[in-house]
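J.: One structure follows; several queries about it will come next.
Protein chains in written order, with this note's numbering: chain Z, 1 to 227; chain D, 228 to 480.
If you want it as structure tokens, here you go:
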């Protein structure tokens with residue numbers, strides 16, 4: 001029996017995780033509704049002034065995306081850890097980092113992509129228009145995969161610990177800050193008419209950097225957790 | 228000792244390192260006290276008053292060395308953590324563990340003195356400027372590493388997990404260092420550089436460098452002291468407790 005190639009293993013992991021998510025659609029729906037509700041709380045709390053809402057829109061929506069990613073991190077490895085699948089993954093001849101990329105990609109499709117797709121709608125709620133809506137969506141499209149990549153490291157480090165939900169927030173949120181800054185200021189700059197290319201490029205750079213290092217660090221962390 | 232074989236690796240054993248650290252601590256501690264007293268004296272009484280900032284600038288003699296130490300110690304901690312992961316060596320992890328609280332302390336000190344300096348010069352305790360923010364992230368990272376370590380019961384996993392986290396966070400150190408150059412910020416650029424002539428009076432530089440060395444000595448002394456505690460805590464084995472004449476261990480027996 002020939003061994004599956006690396007790309008086959010990658011596809012297999014992605015397919016499996018997406019299939020599992022499709023079997024439990026409520027999990028996906030939960031993160032979507034979480035984003036909608038949290039984003040809707042701000043106009044109620046801050047007050048419905050259109051001028052104010054327009055200013056805070058990028059920050060609020062980005063922080064919401066951040067929290068949605070954070071809350072779904074628990075699902076990334078925990079189920080596989082509990083039923084022993086993760087240990088089997090460690091034994092697979094293909095590099096663990098590749099499997100991690102697959103799992104992170106599936107996680108992003110489940111928890112990040114819905115936020116990206118929803119963001120134009122939420123942006124409208126906050127009075128963003130035209131270009132800035134496009135920039136918001138684009139910045140989230142570039143930024144949320146990075147969040148999932150970085151989050152995976154935290155999820156792997158805290159795997160199976162008591163109180164891991166809070167701990168992962170403390171570990172991962174500081175590392176999210178650069179992405180938040182670049183993403184939110186891309187939208188702010190486009191509102192101010194400065195142009196958002198620089199920030200979008202930085203977001204892209206963050207993504208490439210995290211793609212290069214995070215899966216590897218996550219793999220190391222997973223091996224430590226299952227040692 | 229000249230040229231003869233001296234086994235430095237001897238001290239990579241906690242058992243041998245413990246008494247060595249005990250002997251070294253008083254020297255480093257004395258050097259720290261001496262240098263910091265001299266540095267503060269030169270800084271507060273001899274260095275001239277700044278033309279634009281008045282006497283408020285004098286906090287620089289604590290602020291800048293503390294900020295340097297916060298970054299240096301992070302890098303050193305990460306190096307020990309990396310060595311620990313690479314060589315699978317327990318003492319390296321212990322060093323990383325011993326350095327973290329001191330690094331966090333210096334980061335806090337840098338932020339605290341910075342806000343004391345910011346109030347009279349910028350008119351605000353805190354601004355969300357790139358360097359301040361990245362230094363704040365550094366503090367969060369130190370705290371995260373300490374928290375991660377303390378929430379894992381299994382020592383081996385605690386060591387290795389916090390080492391990975393420390394290594395991941397190294398990326399923030401160049402960001403802090405270059406933040407004043409990469410972004411247009413309120414925080415001023417570097418006043419002291421190896422390559423360019425300093426933009427401050429000679430006595431100011433002297434005082435700052437003396438404080439810097441003093442903080443180094445302090446860090447080494449405190450790290451060694453904490454290292455001794457870590458060793459005693461972890462190697463609670465009666466076999467060498469008595470030899471090393473550690474009262475706690477001998478009693479715990």
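The C-beta atom is built at its ideal place from N, Cα and C for all residues, glycine as well.
#1: Between residue 367 of chain D and chain Z, is the shortest Cβ-Cβ distance under 8 Å, so that the two count as touching?
#2: In the DSSP assignment, find the unbroken alpha helix (DSSP H) run with residue 216 of chain Z in it and report its ends.
#3: May I have the straight-line CA-CA distance separating residue 236 of chain Z from residue 101 of chain Z, to the nearest angstrom?
#4: Can you tell me where the alpha helix (DSSP H) holding residue 397 of chain D begins and where it ends?
#5: Taking beta-carbon pairs under 8 Å, can you tell me which members of the segment 371-385 of chain D lie near chain Z?
#6: Would you call the CB atoms of residue 304 of chain D and residue 393 of chain D closer than 8 Å?
#7: Quick one: residues in its chain with C-beta nearer than 8 Å to the C-beta of residue 223 of chain Z, no 5 flanking neighbours on either side, listed in chain order?
#8: Got a sec: does the ligand FMN put a non-hydrogen atom nearer than 7 Å to the Cβ of residue 302 of chain D?
#9: Determine the DSSP secondary structure at residue 356 of chain D, reduced to helix, strand or coil.
#10: Go ahead and label residue 183 of chain Z buried or exposed: buried means 16 or more other beta carbons lie within 10 angstroms of its beta carbon, across all protein chains shown.
#11: Measuring only between beta-carbons, confirm whether residue 116 of chain Z sits less than 8 Å from chain D.
#12: Which ranges does the alpha helix (DSSP H) cover as unbroken runs of at least 4 residues, wholly within the segment 330-391 of chain D, from first to last along the chain?
#13: Please report the straight-line C-alpha distance between residue 107 of chain Z and residue 401 of chain D, rounded to a whole angstrom.
#14: So if DSSP puts residue 281 of chain D in a beta bridge, which residue, or which two residues, is it bridged to?
#15: Any beta-carbon of chain D closer than 8 Å to the one on residue 167 of chain Z?
#16: So which of Z:219, Z:187 and Z:209 has the shortest CA-CA distance to residue 56 of chain Z?
#17: For residue 285 of chain D, is the classification buried or exposed, using 16 other Cβ atoms within 10 angstroms of its Cβ as the cut-off for buried?
#18: Is there contact here, the segment 57-69 of chain Z with the segment 123-131 of chain Z, by at least three beta-carbon pairs under 8 Å?
#19: Quick check on residue 163 of chain Z - is its C-beta less than 8 Å from some C-beta in chain D?
T.: In short:
#1: yes
#2: 197-225
#3: Given a span of 1 to 227 for chain Z in the structure shown, any question on residue 236 of chain Z remains unanswerable.
#4: Where residue 397 of chain D is concerned, there is no enclosing alpha helix (DSSP H), given that its DSSP letter is neither H nor E.
#5: 371, 374, 375, 378, 379, 383 and 384
#6: yes
#7: 90 and 96
#8: This structure simply doesn't include the ligand FMN, nor any ligand for that matter.
#9: coil
#10: buried
#11: no
#12: 357-378
#13: 30 Å
#14: D:277
#15: yes
#16: Z:187
#17: buried
#18: yes
#19: yes
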